[in-house]
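Read in my numbering, the sequence shown has 36 at position 36, and its numbers run on one by one without any break. Ideal Cβ placement from N, Cα and C applies to all residues, glycine included. For reference, the structure is listed below as structure tokens.
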Amino acid sequence: MLCPVTCSKCTDWEAAVTAGQLAIIGVTLAPTGPATTPTPPATTPTPPAPPALTCTDDITGSVAAAGKTCTDLAIACTLQLNAFDSTIPAGIYGWMLCPVTCSKCTDWQAAVDAGQLAIIGVTNSPSAGTTPTPPAPPALTCTDDITGSVAAAGKTCTDLAIACTLQ
Numbered sequence: 001m002l003c004p005v006t007c008s009k010c011t012d013w014e015a016a017v018t019a020g021q022l023a024i025i026g027v028t029l030a031p032t033g034p035a036t037t038p039t040p041p042a043t044t045p046t047p048p049a050p051p052a053l054t055c056t057d058d059i060t061g062s063v064a065a066a067g068k069t070c071t072d073l074a075i076a077c078t079l080q081l082n083a084f085d086s087t088i089p090a091g092i093y094g095w096m097l098c099p100v101t102c103s104k105c106t107d108w109q110a111a112v113d114a115g116q117l118a119i120i121g122v123t124n125s126p127s128a129g130t131t132p133t134p135p136a137p138p139a140l141t142c143t144d145d146i147t148g149s150v151a152a153a154g155k156t157c158t159d160l161a162i163a164c165t166l167q
């Protein structure tokens, strides 16, 4: 997908970038990546402040995603979870993920308000919203030879047009 405009494959190219399939050639949505040219944001009115988060077990869905329940984690309410799983960053306690089960709603809300639960994707800031949803990726700009590799090889996308239908 070096020449998506020439090959009339912008839709496929955008889907591949979004899915991370073009990272192998250096095209990513990462803010520091070489990839796409973001579209300037449209001027919009400032959204209202989000409602306060409600103390809820497994608000991020990470406990369920690990095939567990908060009842399973009840024994670990006051323990750092990286003691059980080294892939979990230090500083994340069982009560942070399961505050209702651990009877820690007051501590949980104070930690949310102080920004201490951002490490697990829970914030109460107006810019982050009320749920741990990742930010939208920047808009994509479908461009031929975005990495410069075609030009570096002394070619143009027109030279490579015959290869558009090859896999």
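Mapping the DSSP letters down to three states, classify residue i as helix, strand or coil.
i, result
"Gln-21", "coil"
"Pro-137", "At Pro-137 the pLDDT is 49, less than 50, meaning the model places this residue with poor confidence; the figure from the coordinates comes in the next sentence. Pro-137: coil per DSSP, three-state reduction."
"Cys-70", "helix"
"Ala-128", "Model confidence at Ala-128 stands at a pLDDT of 43, short of 50, so the residue's coordinates are unreliable; what they give is reported in the following sentence. Of the three classes helix, strand and coil, the one that applies to Ala-128 here is coil, per DSSP."
"Ile-119", "helix"
"Ile-162", "helix"
"Gly-33", "Summary for Gly-33: the model assigns pLDDT 43, below 50, so the residue's position carries little reliability; its value from the coordinates is reported in the next sentence. Note: Gly-33 maps to coil in three-state DSSP."
"Cys-98", "coil"
"Thr-143", "coil"
"Thr-6", "coil"
"Thr-156", "coil"
"Asp-85", "coil"
Under DSSP, the alpha helix (DSSP H) around residue i begins and ends at which residues?
i, result
"Leu-53", "Element bounds for Leu-53: n/a, residue is neither H nor E."
"Gln-109", "105-113"
"Ala-64", "62-65"
"Val-150", "149-152"
Could you tell me if residue i is buried or exposed, where buried requires 16 or more neighbouring beta carbons within 10 angstroms of its beta carbon?
i, result
"Gly-94", "buried"
"Cys-3", "buried"
"Trp-13", "buried"
"Cys-164", "exposed"
"Ala-152", "exposed"
"Ala-111", "buried"
"Ile-75", "exposed"
"Thr-87", "exposed"
"Ala-90", "exposed"
"Asp-58", "buried"
"Ile-119", "exposed"
"Thr-101", "buried"
What residues match up with residue i in a beta bridge as DSSP calls it?
i, result
"Gln-80", "Tyr-93"
Sufficient close CB pairs (3 or more, under 8 Å) joining the region 143-152 to the region 71-83: no
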